[in-house]
Structures are given as C-alpha cells and as structure tokens.
Amino acid sequence: MDSTSQSSGSLQDRVAIVTGASRGIGREIALHLASLGARIVVNYTSNLPQAESLAAQINSSSSSGANPRAIVVRADVSDPNLVKSLFDEAEKAFNSPVHILVNSAGVLDSKYSSIANISFEDFDYIFSVNARGAFLCCKEAANRLKRGGGGRIIMVTSSLVGSLRPGFGAYAASKAAVETMVKILAKELKGTGITANCIAPGPIATEMFFAGKTEEQVKQAIEQSPLCRLGETKDVAPVVGFLATDASEWVNGQILVNNAALANLKHSTMFFAGVNEQIVKMVSDECPMGRFGETKDVASIVNFLATDASEWINGQVILATGGLV
C-alpha cells in the first residue's frame, strides 16, 4: 500500500471489510479502523439492527457529509457467492478496491462437547464458518487486494489453538487450520504487497465467551490471566489496527497471540550480518516482501509495543521477518 501521502499509522480513505462486525470483537475492530480513517464495510449474517447501529455510529462521527464512511452488507462467509458479492458491494459503494480484510466471523460450540461426543452437524457447522469461511475470504481478498497494489489480510483465530483445552477440539482445530493457511498464504502472495497475519485472542469478555460457561469457569479464566482480568474487545482492536497499517509491513505470515501471556508463541530464527553475497541474494529472493528488512521495520513494531494500545500482548514473540519464517 502506498504510504507516501499519509503517516504509517493512518488508514485514511482505505476500504476495510470486517466480517462478523455486528457485535463483539468484530464491532470494536470496525470502530477502531474507522477511527484511523478507514471506510468500513460492516458485514453481518443475522444481526441487522446491530450492524445498522454500528454503521450509523461510524457515519455520525464522520465529517464526510453525504458520503457514508460505513455501509452494511449481509453475507454468510461460508457461501462463496455471498463472499464474492461482499467484495463487489464494497468496491461499488466506495468506488475503490478493497485494501483491508479482517475476518472476525466465527462460531463456537457453547455445549463444549468433547471430540468423542460432538455431533457431526456441530462439527461441520464450526468448520464451515471458521475454516471454510476464512478460506473463502482469504481467496477473494488475495485476488482483489492485488488490484489495489497491496493490502492487509487479518484473520481472527484463538489462543485456544495452543492451549489444547478439552471441550474445544472442533473449535481449536478449525482455527488451527486458518493459522496454517495464513502462514502459507503469506508466502504465496510474494511480490503483491499484501501481508497476511492472524491475531489469536485469549479469553475476551464477549457474548461468545460467556455462552454456556458457569461463574466458576469465568472466575478460573480470570485467575489464570497474569493481568488478573478477562481481555476486552478494546485489547484486540488496536492490535488489528496496527496490522492494518503500513507500519506493520514487516510482520507477515505470523500469529500474534493476544492473551496477556496466557499461552506461549513459538520462537523464530535470526538473520545475521556477515554472510556471503549468495546467501544474501537467496534470503532476499525467498522473502515474500521481496526485500530485506530495515531498522525502521523493527522500530515501528517496538514503538507500537511501547504504547498502552499493546497492553494485551504480553509474553509473546512477534516475528518481524516479512513472512520469511
């Protein structure tokens, strides 16, 4: 994305699709991206009143006059025709290619069935929305964002992928599929200017988190957190906002675990100076971003981590490799 006319932390006039935006994490993400200047496509499946309320809130806070900063589009992300239509509506409404996709749509089995006891129907439904939906959104975004000269693909997954908790087998597996897909997608998008990443929140105080849980289970989740509280949607949105900006370019193909150190992230390798020209060329050729990292790429990430907005990223290793590993 071209950053010559705006700061690296601005999204002024860029078009962002946020799936599952009518409530919870998706809603907060949409509001935050709008605050950074983005034009928002509020996607929903069944909560039209909440989606319209969100769009109205964004538009009422805008000074753009008759031109809306947010529109509402219904689409089931597991339906390829509706996902295509979602992007079509975005491009038509704003007369612009889409620059940012945030896939926040997701479902959870609130019965917390074990793998042995989950029904075929529930398993298929979870994978249809979480894994198939992410695939369809990634597929469409990978092709559409190229037309705009680059962009950002951001998938909301879950730190449950790493915690391996009983009762979350189907859900965690569906999100693990997304994380693997995104790591590969980042490499496949080499030369396009598009980055692909996941943010993996821990327990966030949303309707989805509380569904089916007892007070004791909620208390246990709070006690396990090093910050002694549940995460809030405002802990997630600024991180997504950072990933959507130019400042995050060197974060590519990564899983940012956003759970206040409730789980761990894998470590990476480092590129050291003093290697011969052949190795230098090999590394440059293999990097999906088509270039070496620069000190400013690291500085922008450190600058973000130093702010209050990064509070819910704790005990994590953020790989600033441009998608190389």
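Here the sequence shown stands for residues 935 to 1259, numbered as in my numbering. Cβ atoms here follow ideal geometry from the backbone N, Cα and C, with glycine treated the same way.
The ligand FAD heavy atom lying under 6 angstroms from the CB of residue i
i	result
residue 994	The ligand content of the structure shown is nil, which means the ligand FAD is not present either.
Range of the contiguous beta strand (DSSP E) that encloses residue i
i	result
residue 1129	1128 to 1135
residue 1077	Where residue 1077 is concerned, there is no enclosing beta strand (DSSP E), although the alpha helix (DSSP H) it sits in stretches over 1067 to 1081.
residue 1105	Careful: residue 1105 lies outside any beta strand (DSSP E), inside the alpha helix (DSSP H) at 1103 to 1122.
residue 1190	1189 to 1192
For residue i, three-class secondary structure by DSSP
i	result
residue 1253	coil
residue 965	helix
residue 1063	helix
residue 1167	helix
residue 1155	helix
residue 1043	coil
residue 1183	coil
residue 1146	coil
residue 1100	coil
residue 960	helix
residue 1055	helix
residue 938	Residue placement at residue 938 is poorly supported in this model, since its pLDDT is 40, which falls under 50; the coordinates are not used for a value here.
residue 1178	helix
residue 1172	helix
residue 1244	helix
residue 1202	Residue placement at residue 1202 cannot be trusted, given a pLDDT of 35 that sits under 50; what the coordinates show is reported in the next sentence. Of the three classes helix, strand and coil, the one that applies to residue 1202 here is coil, per DSSP.
Enclosing alpha helix (DSSP H) for residue i [first to last residue]
i	result
residue 1085	First-last for residue 1085: 1085 to 1090, but that is the beta strand (DSSP E), not the alpha helix (DSSP H).
residue 1237	1229 to 1239
residue 1223	Unbroken run through residue 1223: none, as it is neither H nor E.
residue 1094	1094 to 1097
Within 7 angstroms, strictly: CB atoms of residue i and residue j
i	j	result
residue 1120	residue 1037	no
residue 1017	residue 1024	no
residue 1060	residue 1134	no
residue 1111	residue 1057	no
residue 1125	residue 1083	no
residue 1181	residue 1234	yes
residue 989	residue 1006	yes
residue 1243	residue 1172	yes
residue 1002	residue 1015	no
residue 1227	residue 1256	yes
residue 1140	residue 954	no
residue 1163	residue 1129	no
residue 1246	residue 1175	no
residue 1066	residue 1012	yes
residue 949	residue 960	no
residue 962	residue 1167	yes
residue 1137	residue 1143	yes
residue 1075	residue 1089	no
residue 977	residue 1004	no
residue 1093	residue 1170	no
residue 1240	residue 1184	no
Per DSSP, cross-strand counterpart(s) of residue i
i	result
residue 1029	DSSP output for residue 1029 lists no bridge partner at all.
residue 978	1008
residue 953	1037
residue 1138	1165
residue 973	949
Requested in this report: Scan the segment 980 to 1026 and note each continuous alpha helix (DSSP H) run of 4 residues or more that stays entirely inside, going in chain order.
Outcome: 982 to 994
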